[in-house]
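If you're matching them up, the sequences are chains A and B in order. When we follow our numbering, the leftmost residue of the first sequence carries the number 2, and every step to the right adds one. When we follow our numbering, the leftmost residue of the second sequence carries the number -17, and every step to the right adds one.
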Amino acid sequence: MSGILLLEQTLNGLQFGLMLFLLAAGLTLVFGIMDMINLAHGSLYMIGAYLMASLAQATGSFWVALPLALLATALVGAALEMSVLRRLYERDHMTQVLATFAIILIANEAVRLIWGSQPIMLNAPPGLTGPVELPGGMQYASYRLAIIAVGLAVAVLLYILVTKTRVGMLVRAGASNREMAVAMGVDIRRLFTVVFSIGAALCGLAGAMLGPILAVQVGMGENILILAFVVIVIGGIGSIRGAFVGSLLVGLVDTMGRAMLPIAFAKMFSPQVASNLGPSISSILIYVLMAAVLVFRPQGLFPARG
Amino acid sequence: MKRNVILLVVTAAFPLLMDLTNQQFYIGFGTRVLIYAMAAASLNLVLGYGGMVSFGHAAFFGAGAYIVGILAVEGLRSAWITWPAAVATAAAAALVIGALSLRTRGVYFIMITLAFAQMMYYVFVSLKAYGGDDGLSMPGRSTLGFGLDLAHDLTWYYVVLALLAAVLYLLHRLVHSRFGRVIEAIRENETRAAAIGYPVYGYKLLCFVISGAIAGLAGALIANQASYVSPGILHWIQSGTLMIMVILGGVGRFWGGPIGAAVLLALEETLSGSDLLGPYALHWQLPVGAILLAIVLFAPQGIAGLAAKKRHA
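Here is the structure:
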């Protein structure tokens, strides 16, 4: 195991974890404040990626398209919240699962109708297409570094938003005790719409940034959605800090597991056993992590409700 | 009782009618409905009667299917061995998953059952020896003996129907037994049930295991249906679909599972055929989603609930 490989995988894990954080942050707020299971969160991620791809083509510039895509995704999120989701807050979790599952079906087909079934390509912005040399002589894709930078910047912005602003104070009040917040006169309806739109914009950002690395295609939101759920359960529902730690944990464990376990198994077992065992163990690693966290700390690592 | 007899007659006559009118395709469709009815009924036991929102039911459904598939590939095709093996494996999986998951509640329970199901999914996806990503093709359906050839679609339909009837009879006895009452009491108020002196955890676990075992049987049947098992059967979308069948039909209503399975599959079948929507049939999931959403917003009690309300009105 060389140091370069280790560093590269750490950076990859960090990059994946930070993008997961963008999804998990919105999801954990919606979950924590509105007590709502939103399976359609992954659909917003998909819609964000598609909008980004279209806008980048229309404007001809990645950096012009990015804010437009975020705004558009936030608007889609606000529309979704005001038209459908708002009616579901008072209903039980099962109903929310059914309704948001229906929204996934609708969103997937709507995207297919508009953009077609083929995956579409989104190019990294010029200037960030090649590798850069890191201190220590390692080559690393500059675009992936940019993703890490954006992810960290958003994390800092969110931290400031949640801890230092009035909206953030209301959000924290809502997450720790919703009834009390309402009794104190917080306009929960408007707060919900605002929080949901912010969550949607973060989804859009994740979709737009990951677009050039992954294929933009229908169904891209479904697998990452489950990972985002794993993150917020590990971190503690409703906690942004938990979502951040959980994201990095899941991102690093998943990436490192996939890279290291097959190598480790190859040394311990016969090649045939190792080739079967490696991928299966590494892909269930994060679920084992989550089950372990839940068994020992059923409320997650950083519970929002004291 | 009278309604049940009518239902039995109708489901028994259905494939004969299709055979006579030369629409044999619908015999296969009918069999699929019966199998999913069994799976949904098993989920309804935990979801509706036990109040445990399990989002990983595909794990047991898929475990049953894979056991039958793997044994068939290894040369063991007798239904008398492979189907009980499927039931036992699914029950064992439910025992382990349930024992750990039932320590949590609420949303955490939903998520941890989901996580366990996803684990199973990834294990089978990376199990290259048994098809991995591509799924597992069986040499043919299980063998039953007694001169019954399961490869014959009509025979197969009746075997599935008989099993479904037996399972529904057992479930009916179960939910109306003392056990069923206790399970419902726990759903309504767990603290009170514990205070009366019922071992709540044990009752919930037993309920979870019985439900998993039945799902395993349904899985054994679905593997036989197409003589093919794909890892997609373990994906969380599958758990979601089963859950939607139950909610659609009516959570905690005895016929909720079967009704939901029949309605959802019939919807898919109608909307994905080109008769109704023409070239847009490709996008059948859009109207299905819209209809599901409308049901959530306007018929909160599901279809069985809607029918019950009409009777009382």
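Cβ coordinates follow ideal geometry from the N, Cα and C atoms, glycine included.
- Annotated three-state conformation of B:Glu56 is coil, per DSSP.
- Within the DSSP bridge table, the entry for A:Ala142 names A:Pro132 as partners.
- Out of B:Phe106, B:Tyr31, B:Ser36 and B:Asn26, the CA that lies nearest to the CA of B:Gly214 is found in B:Phe106.
- In the displayed model, B:Leu118 falls within a strand according to three-state DSSP.
- Chain-ordered, the chain B residues with CB closer than 8 Å to the CB of A:Phe230 read Met93 and Leu96.
- With contacts defined as CB atoms closer than 8 Å, B:Ala45 and B:Gly201 qualify as a contacting pair.
- When DSSP states are grouped into helix, strand and coil, B:Thr64 belongs to the helix group.
- Among the CB atoms of chain B, one or more fall inside 8 Å of the CB of A:His94.
- For A:Ser84, no Cβ of chain B is located within less than 8 Å of the residue's own Cβ.
- Just so you know, the alpha carbons of B:Phe280 and A:Thr194 end up roughly 23 Å apart.
- Interface flag for B:Arg59 against chain A is unset, since no Cβ pair is found closer than 8 Å.
- In this structure, the straight-line span from the alpha carbon of A:Gly243 to that of A:Leu12 is close to 21 Å.
- Within 9 Å of the CB of B:Arg85, the CB atoms of chain A belong to Leu295, Val296 and Pro299, in sequence order along the chain.
- Residue ranges of uninterrupted alpha helix (DSSP H) with 4 or more members, entirely inside the region 190 to 273 of chain A and ordered along the chain, are 221 to 236 and 241 to 269.
- Between B:Leu224 and A:Pro132, the alpha-carbon positions lie close to 46 Å from each other.
- B:Ser108 belongs to the set of residues whose beta carbon lies under 8 Å from a beta carbon in chain A.
- Cβ neighbours of B:Gln207 within its own chain (closer than 7 Å, five residues either side excluded): Thr13, Arg14 and Ile17.
- Closer than 8 Å to the CB of A:Pro304 there is not a single CB belonging to chain B.
- Ile104, Ile105, Leu106, Ile107, Ala108, Asn109, Glu110, Ala111, Arg113, Leu114 and Ser118: these are the residues of the region 104 to 124 of chain A whose beta carbon lies less than 9 Å from some beta carbon of chain B, given in chain order.
- For B:His154, the enclosing alpha helix (DSSP H) starts and ends at Asp135 to Val157.
- Contact of B:Pro213 with chain A is not assigned, every C-beta pair being separated by 8 Å or more.
- Put simply, the backbone Cα of A:Gly237 is about 59 Å away from that of B:Leu2.
- Residues of the region 135 to 160 of chain B with a Cβ closer than 7 Å to any Cβ of chain A: none.
- Only those residues of the region 218 to 230 of chain B whose C-beta falls short of 8 Å from the nearest C-beta of chain A are listed: Trp218, Ile219, Gly222, Met225, Ile226, Ile229 and Leu230.
- Using a 10 angstroms sphere on the CB of B:Pro121, the tally of other CB atoms stays under 16, which defines it as exposed.
- Only residues of its own chain outside the window of five on either side were considered, and among them Gln16 and Met210 have a CB closer than 6 Å to the CB of A:Ile148, listed in chain order.
- Annotation: the continuous alpha helix (DSSP H) that includes B:Arg160 extends over Arg160 to Glu170.
- Using a Cβ-Cβ cut-off of 8 Å, B:Tyr90 counts as an interface residue toward chain A, since at least one Cβ of chain A sits closer than that to its own.
- Judged by DSSP secondary structure, A:Asp93 falls outside any alpha helix (DSSP H); it is assigned neither H nor E.
- For A:Glu223, at least one C-beta of chain B is nearer than 8 Å to its own C-beta.
- Closest option to B:Ala47, judged by alpha-carbon separation, among B:Gly239, B:Arg123, B:Arg155 and B:Arg(-15): B:Arg123.
- Cβ neighbours of B:Glu166 within its own chain (closer than 7 Å, five residues either side excluded): Tyr31.
- Taken through DSSP and simplified to helix, strand or coil, A:Tyr160 comes out as helix.
- A:Leu159 and A:Leu86 have their alpha carbons spaced roughly 24 Å apart.
- Contact check for B:Leu96 against B:Trp218 passes: the beta carbons are separated by less than 8 Å.
- With 16 or more other Cβ atoms inside 10 Å of its own Cβ, A:Glu9 counts as buried.
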